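Colleague: Structure in structure tokens, see below.
Chains as they are written, first to last, in our numbering: chain A, 1 to 206; chain B, 207 to 412.
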């Protein structure tokens, strides 16, 4: 398969398949028909077939899907067979919350927090050390970083993004309320919390 | 204007206009051409015109936009002229981070946190009291709640959503990793952090 031909809409549905199938495993469900899967996940059966067709052949006509096999296949497609090294830039409340969120169970390991506050540098937060942001480049030259998580205030976020990109991070998970400009080979996923709140507000007044 | 005819794509662009125009105000910019606005925000000039046309007439052909007036108009469209009352369900790290995020500057006021942990109940976190989740209904019968923020573990999120919906909340900002089922008149905005991470992971491996 050529992963770069897959549309973002399909890619953004993969985590939902993963979540739904994980829940079924937890409930002890071993086999599921495409109709049942469709009802549980809320996508049409034809949508599900089309999504899976992008990645090869799953299940057997009339026999449905083996839940464990399908979850493993989806996990493989997403890339969850590896461990990913994360650093969190900004050791504020949000950075702290992300360190302690439990992503490690899925293979996302936060190796370090960075901050410029002398009061915070050197502290251990949920088992993760807060390192001086001044030595970010030194850290990144010695340690693998797959995902740089930016939780800094908006006004310094672009500068931090520049620094992690130059130092070799290939993906940024951005919580700062700015639209980052990054090199073409760096992937950015934004979580714009204020935008979410404003969307809710608009819809509330509809 | 009929707000319910506006597409979600347009609605989701409004916060970005708000952010971009607020930055311009901070920089002391008073007037901007549609071309400059387009370059700053990254939408085409025709896209911007179309977006604004949904809501009436802004700016004047050849004269561009008065930034302050435009920001006020966008704020009004989003509904930022009011104060919104939020409660946060789940006083964990994420709940705590949200209380302290600074949304109050935009008129989003967190009035209470709720939890079932006796160790947490009664505490004041960033000026907000943690209340026993058992008295959620009593609280909601006496206090206005515009937005219920769910930061509980996934397995209890649906039950909490049911309770806040029955008690009159018209919108839910959901951070739990589940797809909530709510009455038609309740708006849900999801922030699925694990889904974001998986999307990044997929793209990293592309």
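We put the CB at the ideal spot given by N, CA and C, even for glycine.
Since this is a predicted model, take the numbers as computed values, not measurements.
How is residue 354 of chain B classed by DSSP in three states: helix, strand or coil?
Modeller: Three-state result, residue 354 of chain B: strand.
Colleague: Within its chain, find whatever has a CB closer than 7 Å to the CB of residue 331 of chain B; leave out the 5 residues flanking it on each side and keep chain order.
Modeller: Once the five neighbours on either side are set aside, the close Cβ partners of residue 331 of chain B are 297, 302, 305, 319.
Colleague: I'd like the span of the alpha helix (DSSP H) that includes residue 39 of chain A, first residue to last.
Modeller: From DSSP, the alpha helix (DSSP H) with residue 39 of chain A extends over 34 to 41.
Colleague: The alpha helix (DSSP H) with residue 71 of chain A in it runs from where to where?
Modeller: First-last of the alpha helix (DSSP H) with residue 71 of chain A: 67 to 78.
Colleague: Whose C-alpha, out of B:338, B:282, B:326, is nearest the C-alpha of residue 312 of chain B?
Modeller: For the residues B:338, B:282, B:326, the minimum Cα distance to residue 312 of chain B belongs to B:282.
Colleague: Between residue 357 of chain B and residue 294 of chain B, how many whole angstroms is the CB-CB distance? I'm expecting something under 8 Å.
Modeller: Indeed they touch by this definition, with Cβ atoms about 6 Å apart.
Colleague: How about residue 163 of chain A: is its C-beta nearer than 9 Å to some C-beta of chain E?
Modeller: No chain E appears in the structure shown, which is made up of the protein chains A and B.
Colleague: Note down, in chain order, all residues in the stretch 95 to 108 of chain A with a beta-carbon under 7 Å from any beta-carbon belonging to chain B.
Modeller: Taking 7 Å as the Cβ-Cβ cut-off against chain B, the residues of the stretch 95 to 108 of chain A that qualify are 96, 97, 100, 101, 103, 106, 108.
Colleague: Under 9 Å, Cβ to Cβ, is there at least one residue of chain A near residue 221 of chain B?
Modeller: Cβ-Cβ to chain A under 9 Å: yes for residue 221 of chain B.
Colleague: Cβ of residue 127 of chain A less than 9 Å from any chain B Cβ?
Modeller: Judged by the 9 Å Cβ criterion, residue 127 of chain A is not in contact with chain B.
Colleague: Using the three-state DSSP reduction, which class does residue 108 of chain A fall into: helix, strand or coil?
Modeller: Three-state DSSP puts residue 108 of chain A in a strand.
Colleague: Under a Cβ-count criterion, where at least 16 other Cβ atoms within 10 Å of its own Cβ denotes burial, should residue 223 of chain B be classed as buried or exposed?
Modeller: Classification for residue 223 of chain B: buried.
Colleague: Nearest CA to the CA of residue 69 of chain A: which residue from A:186, A:143, A:25?
Modeller: Ranking A:186, A:143, A:25 by Cα distance to residue 69 of chain A puts A:25 first.
Colleague: Exposed or buried, residue 57 of chain A, counting other C-beta atoms within 10 Å across all chains shown (16 or more means buried)?
Modeller: So residue 57 of chain A ends up on the exposed side.
Colleague: With the cut-off set at 9 Å, would you say residue 394 of chain B and residue 374 of chain B are in Cβ contact?
Modeller: No.
Colleague: Is the beta carbon of residue 229 of chain A sitting closer than 9 Å to the one on residue 147 of chain A?
Modeller: Absent from the structure is residue 229 of chain A, since the part of chain A shown begins at 1 and ends at 206.
Colleague: Which residue marks the beginning of the beta strand (DSSP E) containing residue 337 of chain B, and which one marks its end?
Modeller: Per DSSP, residue 337 of chain B belongs to the beta strand (DSSP E) from 334 to 338.
Colleague: Taking Cβ positions only, does residue 31 of chain A come closer than 9 Å to chain B?
Modeller: By this cut-off, residue 31 of chain A is not an interface position.
Colleague: Looking only at its chain, what residues have a beta carbon closer than 7 Å to the beta carbon of residue 371 of chain B, apart from the 5 residues adjacent to it on each side?
Modeller: So the list reads 388, 389, 392, once near-sequence residues are dropped.
Colleague: Is it the case that the Cβ atoms of residue 37 of chain A and residue 74 of chain A are separated by a distance below 9 Å?
Modeller: Not in contact: residue 37 of chain A and residue 74 of chain A (Cβ atoms no closer than 9 Å).
Colleague: Any beta carbon of chain B sitting closer than 9 Å to that of residue 84 of chain A?
Modeller: True, the Cβ-Cβ gap to chain B drops below 9 Å.
Colleague: Starting from the beta carbon of residue 152 of chain A, find every residue of chain B whose beta carbon is closer than 8 Å, and list them in chain order.
Modeller: Here the premise fails: no neighbours, minimum Cβ distance about 13 Å.
Colleague: Below 8 Å CB to CB, which residues in the same chain sit around residue 122 of chain A once its five sequence neighbours on both sides are set aside?
Modeller: Cβ within range, chain order: 129, 130.
Colleague: For residue 220 of chain B, which residues of its own chain have a beta-carbon under 7 Å away from its beta-carbon, when the five flanking residues on both sides are left out?
Modeller: The residues are 280, 283, 284.
Colleague: Any C-beta of chain A within less than 9 Å: which residues of the stretch 391 to 411 of chain B qualify?
Modeller: Against chain A - using a Cβ distance shorter than 9 Å - the residues of the stretch 391 to 411 of chain B are 393, 394, 395, 396, 397, 398, 399, 400, 401, 402, 403, 404, 405, 406, 407, 408, 409, 410, 411.
Colleague: Which residue or residues does DSSP assign as beta-bridge partners of residue 240 of chain A?
Modeller: Any property of residue 240 of chain A remains undetermined from this structure, which presents chain A solely from 1 to 206.
Colleague: Considering just the uninterrupted stretch of the alpha helix (DSSP H) at residue 231 of chain B, what are its terminal residues?
Modeller: 214 to 232 is the span of the alpha helix (DSSP H), which, as asked, contains residue 231 of chain B.
Colleague: So if DSSP puts residue 190 of chain A in a beta bridge, which residue, or which two residues, is it bridged to?
Modeller: A:174.
Colleague: On a CA-only basis, which of A:116, A:120, A:197 is nearest residue 135 of chain A? Give me that one, please.
Modeller: Closest by alpha carbon: A:116.
Colleague: If you follow the alpha helix (DSSP H) that residue 182 of chain A is in, where does it begin and where does it stop?
Modeller: Element bounds for residue 182 of chain A: n/a, residue is neither H nor E.
Colleague: In angstroms with no decimal places, state the Cα-to-Cα distance between residue 365 of chain B and residue 383 of chain B.
Modeller: Approximately 14 Å, taken between the alpha carbons.
Colleague: Distance check for residue 288 of chain B and residue 204 of chain A, CA to CA, integer angstroms please.
Modeller: Approximately 12 Å between the Cα atoms of the pair.
Colleague: Under 9 Å, do residue 66 of chain A and residue 19 of chain A count as touching if we go by C-beta distance?
Modeller: No, Cβ-Cβ distance for residue 66 of chain A and residue 19 of chain A is not below 9 Å.
Colleague: Leaving out the 5 sequence neighbours to the left and right, which residues in its chain are closer than 6 Å to residue 307 of chain B when beta-carbon positions are compared?
Modeller: Closer than 6 Å at Cβ, skipping near neighbours: no residue.
Colleague: Can you tell me whether residue 93 of chain A is buried or exposed, with buried defined as 16 or more other CB within 10 angstroms of its CB?
Modeller: It counts as buried.
Colleague: Give the secondary structure of residue 309 of chain B by DSSP, where H, G and I count as helix, E and B as strand, and everything else as coil.
Modeller: Helix at residue 309 of chain B.
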